[in-house]
Ligand SMILES: [Cu+2]
């Protein structure tokens with residue numbers, strides 16, 4: 111074979127970890143967190159697309175929100191925003207805890223974060239129930255419901271992720287200071303959901 | 011995992027006499043082996059290609075005569091809509107990224123598998139049900155608003171079929187995002203230590219650029235589909251002007267994905283051509299860095315040209331000007347590639363096998379599609395030919411003359427690696443000639459039809475176009491027939507073809523440094539790179555260098 115690439119790694123030295131006997135699927139540095147962040151970049155493009163669509167609707171409309179749309183109440187969503195934002199700090203404690211191998215601690219902080227997320231969702235449902243416009247009232251109303259609803263769905267997914275991690279943590283040693291991808295992923299995701307909400311809140315309620 | 015234990019028990023045969031591909035049953039199951047998944051993609055999407063091809067022949071048969079006589083107008087609309095949807099989402103994208111990408115990327119970078127094998131398998135298994143779902147919509151009246159599915163038209167006809175179409179596009183988009191995620195992580199993080207980015211085969215560069223587009227552009231399409239779905243099923247009015255919505259926003263979102271989709275469909279083919287030409291010309295690739303960076307440039311520029319599809323949608327002048335210039339700039343990195351390929355082949359010792367024939371046909375046909383692309387990028391010209399057969403001709407020169415020729419070149423080139431056997435060369439040449447002649451007969455005259463003003467997407471036309479249309483239809487039948495020798499060749503050669511050995515083309519990239527087909531986890535021992543991927547005729551350059559040193 112005139113290949114200039116050599117197959118006999120032994121002379122040229124491959125690391126022990128890569129020796130064929132040791133090889134099996136997934137035998138390489140843990141790339142899951144990196145992959146998850148790449149996924150979130152992709153996911154943020156979905157929101158970016160919807161945001162830009164919103165701004166275009168708004169720019170083209172003669173008046174925004176259309177005449178006769180009742181004003182949005184800002185107090186409840188404001189409180190909701192504070193709750194969601196502070197939950198980002200809460201969940202970070204879970205990360206700190208697991209890095210010290212404190213499983214009970216991470217569980218506690220996850221539970222608190224989940225409770226805060228659930229409060230946010232409850233607040234949003236309350237807001238939906240008391241708004242004076244529906245999904246189909248006008249273009250503003252439709253974008254409002256779809257954007258907040260889509261975000262709410264992400265909050266729900268975040269809560270479910272934390273729930274899954276908690277469920278898995280029943281098993282002794284499933285998460286430790288060395289091995290806690292699930293916890294990190296849930297945290298990164300939660301921060302992501304938070305950032306999206308800040309943007310959404312600014313766009314819909316303040317601007 | 012059971013299959014992981016298999017290969018090491020079987021001694022590797024350096025001549026590749028031993029056939030040790032996966033058990034055939036694995037191809038029907040949830041395998042996480044990237045090579046099995048690659049072939050699953052290739053075979054599945056080829057089946058969809060045949061189905062999409064049948065739809066195309068029905069369209070051409072209707073167009074053989076000016077009258078509506080073969081199918082009804084409604085059926086005609088459904089036929090070209092589903093034809094395009096299948097060819098794009100179920101044939102070219104899955105074959106190039108899922109099929110070749112999966113099979114080749116880990117082998118080329120010396121990895122044992124993709125970064126996320128299970129995600130990889132899930133991404134594949136989304137595709138067959140989505141395709142079947144889309145085809146099932148024929149029972150209730152499929153989407154008929156064209157593959158662009160512009161509202162308000164798409165909100166008005168065959169609502170059930172349209173809903174299925176939207177669901178299908180969202181599912182296939184999700185699969186594509188998963189694949190892109192996997193590729194980018196694999197390429198960035200799983201190369202063997204001796205392979206820096208600048209020693210990576212150009213196909214991997216192309217796949218990196220492609221995956222970036224899949225990741226960034228596809229979610230916006232999903233967003234558009236969600237809003238369109240709300241309009242269709244719930245009755246909101248995001249895109250429906252009667253309810254105060256704005257259909258132009260849909261067009262922006264749609265093309266923000268669908269222009270980059272063109273590059274998702276052509277960049278991997280560019281990459282394969284950059285592998286095939288130097289191998290069969292026995293010369294180093296000309297301008298490795300230029301080709302590598304131009305992939306990235308195309309990927310980036312591809313994201314900011316989408317509104318050239320909307321020159322007649324009331325886009326303001328300053329915006330049209332921007333998109334016109336940006337689009338024309340893409341011709342620069344693309345031209346760099348073409349010149350590099352020509353320079354690679356120039357003066358080479360060409361091996362005119364089927365892979366090389368398709369590869370060179372790719373370059374020449376793609377140039378025609380690329381040039382007509384620059385023409386339609388120009389606003390005044392586009393206004394004249396918008397929605398005419400000129401566009402149909404242009405896009406088929408890119409997607410068939412480009413992507414499909416590239417796919418065929420890749421199949422002839424890597425079939426020996428995948429199966430351990432050659433495709434029959436005689437039948438390969440028959441296939442090539444029929445495809446080349448049929449393709450040009452079908453699509454070259456369409457440029458003329460378009461310039462004369464024949465509109466696309468309409469079942470009946472002015473009798474003055476009858477002659478050329480009949481000619482195109484005959485060409486399309488030749489194109490259909492051309493698939494038959496390939497199909498039988500592939501099926502027969504898979505088990506009966508001439509044995510190829512490990513490295514039949516004397517190629518230098520890593521996938522050829524293992525057996526054909528490669529064992530599970532690809533390499534018996536980790537390969538180590540000692541030269542670049544295209545150092546063909548290395549001694550010649552070595553001599554020059556030695557001479558220069560001696561002289562100094
Ligand atoms: Cu385009």
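Protein chains in written order, with my numbering: chain A, 111 to 317; chain B, 11 to 562. All C-beta atoms, glycine included, are put in the ideal place defined by N, C-alpha and C. None of these values were measured; they are calculated from a predicted model.
Among B:154, B:104, B:219, nearest to residue 183 of chain B - alpha-carbon criterion
In the second chain, the residue the question calls residue 183 of chain B occupies position 173. Nearest option by C-alpha distance: B:104.
Which parts of the region 263–325 of chain B are runs of the alpha helix (DSSP H), unbroken and 4 residues or longer, counting only runs that do not cross its ends?
Runs of the alpha helix (DSSP H) inside the region 263–325 of chain B: 298–311.
Check each candidate in B:256, B:63, B:124 and name the one with the smallest Cα separation from residue 43 of chain B.
Taking the first residue of the second chain as position 1, residue 43 of chain B is located at position 33. For residue 43 of chain B, the nearest C-alpha among the options comes from B:124.
In this structure, what does DSSP give as the bridge partners for residue 431 of chain B?
Here residue 431 of chain B corresponds to residue number 421 of the second chain, with the count starting at 1. According to DSSP, which records beta bridges pairwise, residue 431 of chain B is partnered with B:509.
Taking 6 Å as the cut-off, is the CB of residue 269 of chain B close to at least one heavy atom of ligand 1?
Numbered from its first residue, the second chain carries residue 269 of chain B at position 259. Yes - ligand 1 has a heavy atom lying nearer than 6 Å to the Cβ of residue 269 of chain B.
Which of the three DSSP states is assigned to residue 499 of chain B in this structure?
By 1-based counting over the second chain, the position of residue 499 of chain B is 489. In the three-state scheme derived from DSSP, where H, G and I count as helix and E and B as strand, residue 499 of chain B is classed as helix.
Run through the DSSP bridge pairs and tell me what residue 398 of chain B is partnered with.
The residue given as residue 398 of chain B occupies position 388 in the second chain. In the DSSP output, where bridge partners are listed per residue, residue 398 of chain B has B:465.
Endpoints, alpha helix (DSSP H) assigned at residue 109 of chain B
On the second chain, residue 109 of chain B is found 99 positions in, with the first residue counted as 1. Looking at the DSSP string, residue 109 of chain B is not in any alpha helix (DSSP H), and its letter there is neither H nor E.
Would DSSP call residue 528 of chain B helix, strand or coil?
For the purposes of this step, residue 528 of chain B is taken as residue 518 along the second chain, with counting starting at 1. DSSP, reduced to helix, strand and coil, places residue 528 of chain B outside both helices and strands of the structure shown, so it counts as coil.
Residue 252 of chain B versus chain A: which residues are under 7 Å apart at the beta carbon?
Here residue 252 of chain B corresponds to residue number 242 of the second chain, with the count starting at 1. Against chain A, a Cβ distance below 7 Å from residue 252 of chain B picks out nothing, because the smallest value is about 12 Å.
Quick check: the Cα distance between residue 310 of chain A and residue 248 of chain B, rounded to an integer number of angstroms?
As a first step, residue 310 of chain A is located in the first chain; it is residue number 200 there, counting from the start. As a first step, residue 248 of chain B is located in the second chain; it is residue number 238 there, counting from the start. Going by the C-alpha atoms only, they are around 18 Å apart.
Let me confirm a value: residue 122 of chain B is counted as buried when at least 16 other C-beta atoms fall within 10 Å, else exposed. Which label applies?
Locating residue 122 of chain B in the second chain gives position 112, where the first residue counts as 1. Answer is buried; the Cβ neighbour count reaches 16.
Below 8 Å on the Cβ atoms is my contact criterion, and I expect residue 537 of chain B with residue 202 of chain B to pass it. Report the Cβ-Cβ distance as a whole number of Å.
Here residue 537 of chain B is taken as the residue at index 527 of the second chain, counted from 1. Here residue 202 of chain B is taken as the residue at index 192 of the second chain, counted from 1. Indeed, because the Cβ distance is near 6 Å, the residues count as touching under 8 Å.
DSSP has residue 171 of chain B in a bridge; who is on the other side?
In the second chain, the residue the question calls residue 171 of chain B occupies position 161. DSSP output for residue 171 of chain B lists B:152 as bridge partner(s).
Determine, using beta carbons only, whether residue 327 of chain B comes closer than 7 Å to chain A.
As a first step, residue 327 of chain B is located in the second chain; it is residue number 317 there, counting from the start. Chain A, which has no Cβ nearer than 7 Å to the Cβ of residue 327 of chain B, makes this no.
Out of A:300, A:146, A:176, A:236, which has the shortest C-alpha to C-alpha gap to residue 183 of chain A?
Along the first chain, one-based indexing puts residue 183 of chain A at 73. Check the Cα spacing between residue 183 of chain A and each of A:300, A:146, A:176, A:236: the tightest is with A:236.
In or out: residue 390 of chain B buried (at least 16 other Cβ within 10 Å) or exposed?
Indexing the second chain from 1 puts residue 390 of chain B at position 380. Taking every protein chain shown into account, the CB of residue 390 of chain B has fewer than 16 other CB atoms within 10 angstroms, so this residue is exposed.
Check residue 135 of chain A in the structure and name its three-state DSSP category.
Numbered from 1 along the first chain, position 25 holds the residue referred to as residue 135 of chain A. Since pLDDT at residue 135 of chain A reaches only 40, below the 50 mark, its modelled position is unreliable, and no value is offered.
Using beta-carbon positions only, say whether residue 544 of chain B and residue 288 of chain B come within less than 7 Å of one another.
One-based indexing of the second chain puts residue 544 of chain B at position 534. One-based indexing of the second chain puts residue 288 of chain B at position 278. Yes, they are a contact pair.
Using a Cβ cut-off of 7 Å, which residues of the region 91–113 of chain B contact any Cβ in chain A, in chain order?
So the list is empty, because no residue satisfies the distance condition.
If you drop the 5 nearest sequence neighbours on each side, which residues of the same chain put their C-beta closer than 7 Å to that of residue 415 of chain B?
For the purposes of this step, residue 415 of chain B is taken as residue 405 along the second chain, with counting starting at 1. Counting only Cβ-Cβ distances below 7 Å, and skipping sequence neighbours, we find 368, 371, 372, 375.
Using 8 Å as the Cβ pair cut-off and three pairs as the minimum, do the region 76–92 of chain B and the region 149–160 of chain B touch?
Yes, the region 76–92 of chain B touches the region 149–160 of chain B.
Classify residue 119 of chain A as helix, strand or coil using the three-state DSSP reduction.
Against the first chain, residue 119 of chain A aligns to sequence position 9. Summary for residue 119 of chain A: the model assigns pLDDT 35, below 50, so the residue's position carries little reliability; its value from the coordinates is reported in the next sentence. Three-state result, residue 119 of chain A: helix.
According to a CB-to-CB cut-off of less than 7 Å, which residues of the region 150–168 of chain A neighbour chain B?
Those residues of the region 150–168 of chain A placed with their C-beta closer than 7 Å to a C-beta in chain B are 151, 152, 153, 155, 156, 159, 160, 163, 166, 167, ordered along the chain.
So the candidates are A:303, A:252, A:192, A:261; which of them puts its Cα closest to the Cα of residue 176 of chain A?
As a first step, residue 176 of chain A is located in the first chain; it is residue number 66 there, counting from the start. Across the set A:303, A:252, A:192, A:261, the C-alpha of A:252 shows the shortest separation from the C-alpha of residue 176 of chain A.
Apply the 10 Å Cβ neighbour rule to residue 66 of chain B and answer buried if 16 or more other Cβ atoms are within range, or exposed otherwise.
Position 56 of the second chain, counting from 1, holds the residue named residue 66 of chain B. Classification for residue 66 of chain B: buried.
Verify the CB distance criterion: does residue 145 of chain A have a CB-CB separation below 7 Å to chain B?
In the first chain, counting from the first residue as 1, residue 145 of chain A sits at position 35. Yes, residue 145 of chain A counts as interfacial toward chain B.
Taking the alpha-carbon of residue 601 of chain B as reference, which of B:71, B:76, B:348 has the nearest alpha-carbon?
No information on residue 601 of chain B is available, as it lies outside the stretch 11 to 562 that chain B covers here.
Roughly how many whole angstroms lie between the Cα atoms of residue 111 of chain A and residue 524 of chain B?
Reading the first chain from its first residue, position 1 is the one you call residue 111 of chain A. Reading the second chain from its first residue, position 514 is the one you call residue 524 of chain B. Since pLDDT at residue 111 of chain A reaches only 34, below the 50 mark, its modelled position is unreliable, and no value is offered.
Please confirm whether residue 189 of chain B and residue 309 of chain B have their CB atoms less than 7 Å apart.
For the purposes of this step, residue 189 of chain B is taken as residue 179 along the second chain, with counting starting at 1. For the purposes of this step, residue 309 of chain B is taken as residue 299 along the second chain, with counting starting at 1. No. Outside cutoff.
Can you name, in chain order, every residue of its own chain whose Cβ lies under 8 Å from the Cβ of residue 273 of chain B, other than the five neighbours on each side?
Position 263 of the second chain, counted from the start, is the residue given in the question as residue 273 of chain B. Correct list, in chain order: 219, 220, 223, 308, 309, 312.
What does residue 259 of chain B reach in chain A if we use C-beta pairs closer than 7 Å?
Against the second chain, residue 259 of chain B aligns to sequence position 249. Ordered by position in chain A, the residues that pass the 7 Å Cβ test against residue 259 of chain B are 163, 166, 167.
Going along the region 167–201 of chain B in order, which residues come within less than 7 Å of chain A, judged by CB to CB distance?
In summary, the residues of the region 167–201 of chain B whose CB is separated from some CB of chain A by less than 7 Å are 187, 191, 194, 195, 199, 200, in the order they occur in the chain.
Residue 258 of chain B and residue 323 of chain B look like a contact to me (Cβ under 8 Å); what is the Cβ gap, rounded to whole Å?
In the second chain, the residue the question calls residue 258 of chain B occupies position 248. In the second chain, the residue the question calls residue 323 of chain B occupies position 313. Residue 258 of chain B to residue 323 of chain B, Cβ: 6 Å. Contact.
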